[in-house]
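From first to last, the protein sequence lines stand for chains A and B. Last residue of the first sequence? That's 325 in this note's numbering, and every number before it is there in order. Last residue of the second sequence? That's 1032 in this note's numbering, and every number before it is there in order. Note that beta-carbon positions come from the ideal geometry of N, C-alpha and C, so glycine has one too. For clarity, every value in this text was computed on a predicted model and none was experimentally measured.
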Amino acid sequence: IHTAPARTMFLLRPLPILLVTGGGYAGYRQYEKYRERELEKLGLEIPPKLAGHWEVALYKSVPTRLLSRAWGRLNQVELPHWLRRPVYSLYIWTFGVNMKEAAVEDLHHYRNLSEFFRRKLKPQARPVCGLHSVISPSDGRILNFGQVKNCEVEQVKGVTYSLESFLGPRMCTEDLPFPPAASCDSFKNQLVTREGNELYHCVIYLAPGDYHCFHSPTDWTVSHRRHFPGSLMSVNPGMARWIKELFCHNERVVLTGDWKHGFFSLTAVGATNVGSIRIYFDRDLHTNSPRHSKGSYNDFSFVTHTNREGVPMRKGEHLGEFNLG
Amino acid sequence: STIVLIFEAPKDFNFQLKTGQKIRFGEALGSL
């Protein structure tokens, strides 16, 4: 370095630098994994490593809404007939789609990737369980489930989000907000309507290759919809382990109502490139729209003077779908 | 994308699930 001319100092080769820094990082990650395995062997529980505020802020600053809209627009373009099979075959291979279950197996039938993404299933592909009161509303992977404790819901083990931030303030039947909950327990009490009942939750992650329609998980009546415009961060299990309150940051549609045991809600949370959420009986709902700003919410009540009940849904009935965009 | 269910039920409500398991639409989540 001392003998080299000053000019050559600035001509450092990028490839060796990349190799050294990349190799160093990979080595560090391997060391961390090794340390975690050793701790697991000793029976010690490893606390989840959460993203810092600046990391979340940096991720949120990525224009995921705009990029998802662009991706949605691009995938509405009709593909030429000859291109359909290779494009969808690549998607099927990448995400492990089971086309045997699709209502239409012929790949040429789907005009673009958006249509392919929201493909329907054969009627006999998903028999609805008649014995149990609550069924899975969609295909996917169970990230977490159980009783809600201290108004904190687990998105994955050890990583929680606030129930109140997720659902927003509770509304009375007359569309008036309840007085603000003084404590988290009082918010939970606003939801639990019957003595001796508890609040439960279940989180289902839909991978890109899954069937992306969702159905009614039980017999219930939907009385209210709340749309939260938000970020469209990835919601894969790795991200859910890394970002606290991930589901409170993301665009989502909360449907609330009642079932035979009291309060019932289903929330569809959007993700990167999948910010377009459709609810079949709600034509006014438009998600990931540029006219909505993050941090607000839009309410709609299905209870009117003529319909005091709301929208009745039967177990297994088509409720909505996720779309690219 | 993700679906989150939050609901009220009696104390004897039981989930018939395991964390991380794959599930399909129509399969049982839980019952009383």
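Per-residue burial, residue i [other beta carbons within 10 Å of its own, 16 or more giving buried]
i	result
residue 360 of chain A	Since the displayed chain A opens at 1 and closes at 325, residue 360 of chain A lies outside it and no answer follows.
residue 267 of chain A	buried
residue 105 of chain A	exposed
residue 315 of chain A	buried
residue 95 of chain A	exposed
residue 57 of chain A	exposed
residue 217 of chain A	buried
residue 64 of chain A	buried
residue 23 of chain A	exposed
residue 230 of chain A	buried
residue 326 of chain A	Residue 326 of chain A lies beyond the residue range present for chain A, which begins at 1 and ends at 325; the question has no answer from this structure.
residue 84 of chain A	buried
residue 294 of chain A	exposed
residue 250 of chain A	buried
residue 136 of chain A	buried
residue 114 of chain A	buried
residue 138 of chain A	buried
residue 1004 of chain B	buried
residue 42 of chain A	exposed
residue 200 of chain A	buried
Residue nearest to residue i in terms of C-alpha spacing, selected from the options
i	options	result
residue 248 of chain A	A:144, A:232, A:131 and A:64	A:232
residue 48 of chain A	A:242, A:133 and A:33	A:242
residue 66 of chain A	A:287, A:106, A:159 and A:321	A:287
residue 1014 of chain B	A:60, A:87, A:99 and A:147	A:147
residue 122 of chain A	A:98, A:79 and A:142	A:98
residue 109 of chain A	A:35, A:312, A:88 and A:124	A:88
residue 999 of chain B	A:289, A:221 and A:194	Nothing can be reported for residue 999 of chain B, as the shown portion of chain B is limited to 1001 through 1032.
residue 317 of chain A	A:153, A:219 and A:310	A:219
residue 296 of chain A	A:168, A:107, A:238 and A:209	A:168
residue 157 of chain A	A:289, A:50 and A:42	A:50
residue 161 of chain A	A:113, A:246, A:236 and A:86	A:246
residue 310 of chain A	A:124, A:291, A:222 and A:235	A:222
residue 103 of chain A	A:210, A:120, A:15 and A:78	A:120
residue 171 of chain A	A:298, A:154, A:200 and A:82	A:298
residue 59 of chain A	A:188, A:302 and A:235	A:235
residue 1023 of chain B	A:275, A:61, A:210 and A:45	A:210
residue 125 of chain A	A:101, A:142 and A:107	A:101
residue 226 of chain A	A:238, A:302, A:154 and A:321	A:302
residue 244 of chain A	A:321, A:292, A:72 and A:154	A:154
residue 275 of chain A	A:33, A:321, A:188 and A:30	A:321
Coarse secondary structure for residue i, derived from DSSP in three states
i	result
residue 188 of chain A	helix
residue 1010 of chain B	strand
residue 239 of chain A	helix
residue 56 of chain A	helix
residue 33 of chain A	helix
residue 1004 of chain B	strand
residue 17 of chain A	helix
residue 87 of chain A	helix
residue 245 of chain A	coil
residue 94 of chain A	helix
residue 1022 of chain B	strand
residue 344 of chain A	An answer regarding residue 344 of chain A cannot be provided, because it is not within the stretch 1 to 325 covered by chain A.
residue 81 of chain A	helix
residue 99 of chain A	helix
residue 74 of chain A	helix
residue 320 of chain A	strand
residue 276 of chain A	strand
residue 252 of chain A	strand
residue 205 of chain A	strand
residue 26 of chain A	helix
residue 67 of chain A	helix
residue 266 of chain A	strand
residue 198 of chain A	strand
residue 1032 of chain B	coil
Beta-carbon proximity of residue i to residue j, cut-off 9 Å
i	j	result
residue 252 of chain A	residue 279 of chain A	no
residue 265 of chain A	residue 1006 of chain B	yes
residue 325 of chain A	residue 76 of chain A	yes
residue 166 of chain A	residue 323 of chain A	no
residue 261 of chain A	residue 1009 of chain B	yes
residue 191 of chain A	residue 140 of chain A	no
residue 273 of chain A	residue 68 of chain A	yes
residue 269 of chain A	residue 1031 of chain B	no
residue 214 of chain A	residue 319 of chain A	yes
residue 203 of chain A	residue 144 of chain A	yes
residue 128 of chain A	residue 1020 of chain B	no
residue 284 of chain A	residue 300 of chain A	yes
residue 224 of chain A	residue 255 of chain A	yes
residue 240 of chain A	residue 159 of chain A	yes
residue 112 of chain A	residue 90 of chain A	no
residue 36 of chain A	residue 46 of chain A	yes
residue 1017 of chain B	residue 92 of chain A	no
Contacts of residue i in chain D (Cβ-Cβ under 8 Å)
i	result
residue 243 of chain A	Protein chains A and B are contained in the structure displayed, whereas chain D is not.
Q: Entirely within the region 102-171 of chain A and at least 4 residues each: give me those alpha helix (DSSP H) ranges in chain order.
A: 113-117 and 163-167
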